Amino acid sequence: MLALMAASPAAAQIEDDFAEANRIFGQVSADSVVEDIEGEWLPLSVLSNAQGTDPDPGLINSLIERICGNDPVRGALMTALDGTSFEMVAANSGGELVYRFDWIAGSQFHRNVDPEALFRVFKFDTMEGENGVAMRARALEQNSSRVDLFRVSPDLLAMVTPGRAELFGRCPE
Numbered sequence: 006m007l008a009l010m011a012a013s014p015a016a017a018q019i020e021d022d023f024a025e026a027n028r029i030f031g032q033v034s035a036d037s038v039v040e041d042i043e044g045e046w047l048p049l050s051v052l053s054n055a056q057g058t059d060p061d062p063g064l065i066n067s068l069i070e071r072i073c074g075n076d077p078v079r080g081a082l083m084t085a086l087d088g089t090s091f092e093m094v095a096a097n098s099g100g101e102l103v104y105r106f107d108w109i110a111g112s113q114f115h116r117n118v119d120p121e122a123l124f125r126v127f128k129f130d131t132m133e134g135e136n137g138v139a140m141r142a143r144a145l146e147q148n149s150s151r152v153d154l155f156r157v158s159p160d161l162l163a164m165v166t167p168g169r170a171e172l173f174g175r176c177p178e
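Count the sequence shown with the working numbering and you get residues 6 to 178, in order.
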């Protein structure tokens with residue numbers, strides 16, 4: 006009986022955790038991602054460190070104060086195009102690097118970008134020879150691909166590609 010009582014809080018927590026995880030990962034649709042996506046978003050993944058620990062306390066607020074709404078350094082600007090697609094002007098690209106995301110199914114979106122703009126922003130357009138060709142091919146492959154998008158909360162977006170998850174936090178208005 007004592008073991009059953011001790012297991013109850015854990016079971017209740019698992020049930021709550023499952024409900025939250027199912028909301029984030031199991032009930033994904035284009036609308037659940039694109040709805041209310043308008044605005045400026047901070048690329049929070051830049052706050053990660055090599056040790057994989059949480060960022061220092063206050064670091065996110067410091068980033069919000071320095072970047073949100075401040076030119077020329079800006080967060081990513083996201084704009085819904087319709088119920089199944091949106092555009093994202095990449096952070097700190099001076100408006101030159103615009104990604105388009107089109108819904109495929111579930112959490113999957115196809116991310117596309119203008120190759121010339123991509124190469125210009127990352128200075129790959131000036132690289133010559135085989136090394137330049139290889140760098141451009143790798144950049145295009147990484148930036149025009151399928152991504153999984155999850156709205157962890159109304160103000161936190163996870164963009165997942167093989168081997169990486171980028172987190173974006175909405176800037177306050």
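From the three backbone atoms N, C-alpha and C, an ideal C-beta is built for every residue, glycine too. Keep in mind the model is a prediction, meaning the values are calculated, not measured.
Between residue 101 and residue 172, the alpha-carbon positions lie close to 21 Å from each other. In the DSSP assignment, residue 70 falls within the unbroken alpha helix (DSSP H) covering 64-72. About 7 Å separates the beta carbon of residue 39 from that of residue 89, a gap short enough to meet the 8 Å contact definition.
In the three-state reduction of the DSSP assignment, residue 117 falls in the strand class, which pools E and B. Where residue 150 is concerned, the enclosing beta strand (DSSP E) starts and stops at 150-158. Residue pairing from DSSP places residue 164 in a beta bridge opposite 154 and 171. The shortest CA-to-CA distance from residue 93 to any of 133, 22 and 162 is the one to 162.
With fewer than 16 neighbouring CB atoms inside 10 Å of its own CB, residue 64 falls in the exposed class. Boundaries for residue 51: no alpha helix (DSSP H) harbours it, and the DSSP string shows neither H nor E there.
Counting along the chain, residue 85 sits inside no alpha helix (DSSP H); it lies in the beta strand (DSSP E) bounded by residues 81-87.
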